[in-house]
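Q:
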Amino acid sequence: MSQQLTPIPIKVSVAVRYLEEQSDESAERYVFAYTITISNLGEQTIQLLRRHWVITDSNMKVQEVRGDGVVGEQPILKHGQSFEYTSGTALTTPVGTMSGSYSMQTSEGEPFELPIPQFVLSVPRVLH
Numbered sequence: 409m410s411q412q413l414t415p416i417p418i419k420v421s422v423a424v425r426y427l428e429e430q431s432d433e434s435a436e437r438y439v440f441a442y443t444i445t446i447s448n449l450g451e452q453t454i455q456l457l458r459r460h461w462v463i464t465d466s467n468m469k470v471q472e473v474r475g476d477g478v479v480g481e482q483p484i485l486k487h488g489q490s491f492e493y494t495s496g497t498a499l500t501t502p503v504g505t506m507s508g509s510y511s512m513q514t515s516e517g518e519p520f521e522l523p524i525p526q527f528v529l530s531v532p533r534v535l536h
């Protein structure tokens with residue numbers, strides 16, 4: 409069964425932070441935290457079921473992450489509600505990107521995919 413793209417207006421915002429205290433440049437370990445806010449702007453209740461991330465470093469090494477929910481939760485969002493969580497990832501280069509999607513469903517059980525546009529992970533002062 410193919411899933412349609414989101415029929416519901418949903419806003420996704422991302423804020424990225426470099427975690428210098430957890431990183432070790434000499435070991436090629438660059439750690440980033442990202443905070444994602446998902447806001448249901450539609451009338452229908454929705455639930456986030458699964459996540460899929462594609463994480464690419466500047467050497468074009470790709471990691472794919474799939475799993476149920478986010479940070480151990482499968483949040484249900486009614487009209488006007490938001491869910492915010494913070495997670496993290498480590499790269500072997502000071503710059504990389506993330507993109508992906510959430511597998512969602514409506515309260516009627518209709519599945520859909522919510523794409524997450526690519527965002528940049530960068531150590532401060534590396535990109536201008």
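Residue numbering for the sequence shown follows my numbering, beginning at 409 and increasing consecutively.
The beta carbon of each residue, even a glycine, is placed where N, CA and C say it ideally should be.
On a predicted model such as this, the values are computed, not experimentally measured, just so you know.
(1) Looking at the secondary structure, which residues open and close the beta strand (DSSP E) in which G504 lies?
(2) In chain order, what residues of the same chain have a beta carbon less than 6 Å from the beta carbon of M409, not counting five sequence neighbours either side?
(3) I need the DSSP call for S434, collapsed to helix, strand or coil.
(4) If you drop the 5 nearest sequence neighbours on each side, which residues of the same chain put their C-beta closer than 7 Å to that of P525?
(5) Give the straight-line distance between the Cα atoms of F520 and S434, rounded to the nearest whole angstrom.
(6) Rounding to the nearest angstrom, what Cα-Cα distance links Q471 and L449 in this structure?
(7) At which residue ranges does the stretch 423-492 contain complete beta strand (DSSP E) runs of 3 or more residues, listed in the order of the chain?
A: Once the coordinates are examined:
(1) 503-514
(2) Legend: pLDDT at M409 = 44, less than 50; position of this residue unreliable, value from coordinates given subsequently. Closer than 6 Å at the Cβ level, and outside the excluded window around M409, lies no residue.
(3) helix
(4) S507
(5) The straight-line gap from Cα to Cα measures roughly 43 Å.
(6) 31 Å
(7) 438-448, 454-465, 470-476
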